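Please read the structure below before turning to the comments.
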Amino acid sequence: MAVIDDWPYVLPITDAEVRIIEAHFGDVLDDLFGPLP
Numbered sequence: 001m002a003v004i005d006d007w008p009y010v011l012p013i014t015d016a017e018v019r020i021i022e023a024h025f026g027d028v029l030d031d032l033f034g035p036l037p
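Residue numbers (the UniProt record's numbering): 1 to 37.
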């Protein structure tokens, strides 16, 4: 079985998806990258 990477270079992410990620992983992301300025 061949594995092919044919995804576009930048994957579109909706505003709703960003809000869900921030709501569930906001504390972890802040620990890794620091809070937003």
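Glycine included, each C-beta is placed from N, C-alpha and C at the ideal position. Computed from a prediction, not measured in an experiment: that's the story for all the values here.
Check: residue i C-beta below 7 Å from any heavy atom of the ligand MN
i, result
"Asp-30", "Inclusion of the ligand MN in the displayed structure is not the case, the ligand content being empty and no account of it being possible."
Whole-angstrom distance between residue j and residue i, CA atom to CA atom
i, j, result
"residue 94", "Glu-17", "A question about residue 94 goes unanswered here, because the residues of the chain that appear run from 1 up to 37."
"Asp-27", "Pro-37", "15 Å"
"Trp-7", "Gly-34", "30 Å"
"Glu-22", "Asp-5", "27 Å"
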